[in-house]
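What follows is a short report on a single structure.
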Amino acid sequence: MSAATFDADVLVVGLGPVGAAMAALLARRGVTTIAIDKDTEIYPLPRAVHFDHEIMRLFQQLGVAEAVARHTRPVPAYEFRSADGTLLMQLDPQPETPFGWASGYMFHQPGLEQALRDRLAALPAADVRLGWRLTSFAQDGVGVAAEVIGPDGAATIRARYLVGCDGASSRVREAIGGGLSDYQFDEPWLVVDVAALPGARLPEVNLQLCDPARPTSGVLSGPGRHRWEFMLLPGETPETVLEPGFIEGLLARWDCGPLQIQRRAVYRFHGLVANRWRLSRVLLAGDSAHQTPPFAGQGMCSGLRDAANLAWKLEAVLRGQAEANLLDTYQPEREPHVRTLIELAIGMGRVVCMLDPAAAAARDRDMLARRRTGEPSLPPPRPAPFASGCILAGTAGAGALFSQPICGVAGDRVRLDDVMGDGAWLISRRPTSCEGDMLACDLADGSLAPFRPAIEAWLHAHDAPAVLVRPDRYVFGTGTAASLAAAWAGALGRAPERSERRREA
Ligand SMILES: Cc1cc2nc3c(=O)[nH]c(=O)nc-3n(C[C@H](O)[C@H](O)[C@H](O)COP(=O)(O)OP(=O)(O)OC[C@H]3O[C@@H](n4cnc5c(N)ncnc54)[C@H](O)[C@@H]3O)c2cc1C
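In structure tokens, the structure reads:
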């Protein structure tokens, strides 16, 4: 392959939420991106119902926060109750977090995916091809040639990189090999989505009913919608539980009035992580790389974090601002984060999926005792900062998400990311003359004025004269401005004369 033969910088395979976000993150920065999906329509039924503040911040970056917000509601309290309704544990929502958004949102997935695709359609660098299926690919030292079947038959798409966002049954994952690591959690659940009809009374909290006779989840979805998930009991089959009469019987317990059942499906909830997320110019993101039981509402969130992590690295490599080995930091940064959330979800699942009445009674007693003493029954949902990767390891705050202060009042609020814009930021207490592939500013900078107290407090808490924030808003490191600028250049392995574009020119 020669540079002249490329159809795009990046081919994104699969336009679920992760592929759509991945393609939009690249194309909005001018990286030419072809995004294909085998289906011609958005999958019409929701799977995910919850995303967190970090994902809303990503939507803010993509310019779709408002459009997405139309399909969301603030996350309510998350309760774990025993069979008789006793409250065993409660996770409270935070209307505001240090990251500029509420702790979580409940949403309707098709609406969110439409907002992402609308954004993609408006980006000149994006070329969306629906009804195109990847069948195979081959790569060499400069690019990837993907064989696809489109509406007019077979074709080849050539790109410098290919990102497989092709979901749980990923062909890309299969092709790059490496296998899956399996958490051996495999529970069948019936998922029922409903929309409220006039006179309906939907629950207003998210609930795990830890009833050994029928473990059940009930969670809010987008406005006017609700989801129930019922664990299948020994001897039950998908066919028996999908009977309308059976589902009506299960819903009767909730006495919600008139509802329209929009979907019923049986899923097996499991925890899987691909062992290999990258083979040279081919990478995985989203469900192709990992799958989690939904108890923590984090599967799609993890996939969107992959997209945020990978997009800026691909852009930097393609622009010659970083060496290709920056991409080696992708899996080591993302995999521990993903595994923490899978383990949290499995932990929640094991609490809920208990069918033995004696074991369930012991669990209830234990959770009640912890509730009385204030000791948490589950680990905190926030994964630890990256321990390694593209960070200045060992410096305060490195590898953690940087905060996003807000100024102004409701309806007219300005967030830090909107003022600072894209790319990496070097923010120092005192004026700096540092230069590099980043926006360098200091606390006297007029545009930072409304955020100065919050950033000053952050720097003070981290005992740091300056912070370097990566384009995905994770902290690269703290220290003096000069040391950070030098370390950032080193971490990117920047050697312009050897950069990819120049080498190919
Ligand atoms: C019951 C349930 C509840 C969940 N709840 C939550 C939740 O509350 N919060 C959360 O964050 N996550 C949740 N999840 C997980 C979440 O739904 C998934 O992680 C997310 O949808 C995965 O997105 P994706 O883009 O990686 O894959 P997908 O959405 O599966 O998209 C993959 C795309 O690739 C396309 N494709 C596949 N093969 C090819 C090919 N060969 N060529 C071209 N295109 C191809 C497909 O057509 C599809 O459009 C839940 C999942 C389930 C099942």
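Read in order, the letters of the sequence shown correspond to residues 36 to 540 in the working numbering. No residue lacks a Cβ here, since even glycine has one placed at the ideal position from N, Cα and C. Given the structure is predicted, the values throughout are model-derived calculations rather than measurements.
Between Leu215 and Arg208, the gap from beta carbon to beta carbon is short of 9 Å. Non-local C-beta neighbours of Ala180 in its own chain, meaning closer than 6 Å and more than five positions away in sequence, comprise Ala173, Thr191, Arg193, ordered along the chain.
Nearest to Leu151 by C-alpha distance, out of Met124, Ser117, Leu93, is Leu93. By the Cβ criterion, the stretch 79-92 is in contact with the stretch 131-145, since at least three pairs of Cβ atoms, one from each stretch, lie closer than 8 Å. Annotation note: the stretch 300-363 contains the following uninterrupted alpha helix (DSSP H) runs of length 4 or greater, listed N- to C-terminal: 334-353. Remark: three or more beta-carbon pairs, one from each stretch, lie closer than 8 Å, so the stretch 233-247 and the stretch 388-396 are flagged as touching.
Taking a contact to require three or more Cβ pairs closer than 8 Å, the stretch 439-454 and the stretch 394-411 do not qualify as touching. With a beta-carbon spacing of about 12 Å, Gly384 and Phe115 fall beyond the 8 Å limit used to define contacts.
Taking a C-beta distance under 9 Å as the contact criterion, Asp507 and Val53 do not qualify as a contact pair.
CA-CA distance, Glu76 to Gln356, rounds to 37 Å. Taken through DSSP and simplified to helix, strand or coil, Asp228 comes out as strand. Fewer than three Cβ pairs drawn from the stretch 419-429 and the stretch 482-501 lie within less than 8 Å of each other, which leaves the two stretches out of contact. Listed in chain order, the non-local C-beta contacts of Glu131 below 7 Å within the same chain comprise Ala137, local neighbours out to five positions each way being set aside.
Here the distance from the Cβ of Asp201 to the nearest heavy atom of ligand 1 is below 8 Å. No heavy atom of ligand 1 is found nearer than 8 Å to the CB of Cys469. Between Ala346 and Leu169, the beta carbon gap of about 20 Å keeps them out of contact (Cβ cut-off 8 Å). About 4 Å separates the beta carbons of Ser463 and Ala501, which is inside the 8 Å limit, making them a contact pair.
Beta-bridge analysis with DSSP links Met455 to no other residue. Between Glu148 and Ala55, the beta carbon gap of about 6 Å places them in contact (Cβ cut-off 8 Å). Assignment of Ile426 by DSSP, reduced to helix, strand and coil, places it in the coil class. The nearest non-hydrogen atom of ligand 1 is less than 8 Å from the C-beta of Ile71. By the C-beta criterion, the stretch 307-322 is judged not to be in contact with the stretch 275-292, since fewer than 3 inter-stretch pairs fall below 8 Å. The beta carbon of Thr275 sits closer than 8 Å to the beta carbons of Phe281 from its chain, once the five residues preceding and following it are set aside; these are given in chain order.
Between the stretch 362-377 and the stretch 327-342, the count of C-beta pairs closer than 8 Å reaches three or more; the two stretches touch. Setting aside the 5 residues that flank it on each side, Arg164 is surrounded in the same chain by Ile71, each with a C-beta closer than 6 Å to its C-beta; the list follows chain order. With contacts defined by Cβ atoms closer than 9 Å, Gly202 and Arg154 do not form a contacting pair.
Within the stretch 468-517, the runs of alpha helix (DSSP H) that reach at least 4 residues and sit entirely inside it are, in chain order, 487-496. DSSP places Arg406 within a helical segment (H, G or I) once states are collapsed to three. Under a 10 Å Cβ-count criterion, Thr408 is classified as exposed, with fewer than 16 other Cβ atoms of the shown protein chains found around its own Cβ. For Lys348, same chain residues with a beta-carbon under 8 Å away, outside a window of 5 residues either side, are Ala357, Leu361, Leu362, Thr364, Tyr365, Cys425 in chain order. Every unbroken stretch of the alpha helix (DSSP H) spanning 4 or more residues and falling wholly within the stretch 142-182 is given here in chain order: 144-156. His85 has its CB nearer than 8 Å to a heavy atom of ligand 1. Counting of Cβ neighbours within 10 angstroms places Gly253 among the buried residues, the total reaching 16 or more.
Per DSSP, the unbroken alpha helix (DSSP H) holding Pro273 starts and ends at 273-276. At a cut-off of 8 Å, the beta-carbon of Asp363 does not count as near ligand 1: no heavy atom of the ligand is closer than that.
Counting the other Cβ atoms within 10 Å of the Cβ of Gln243 gives 16 or more, which makes it buried.
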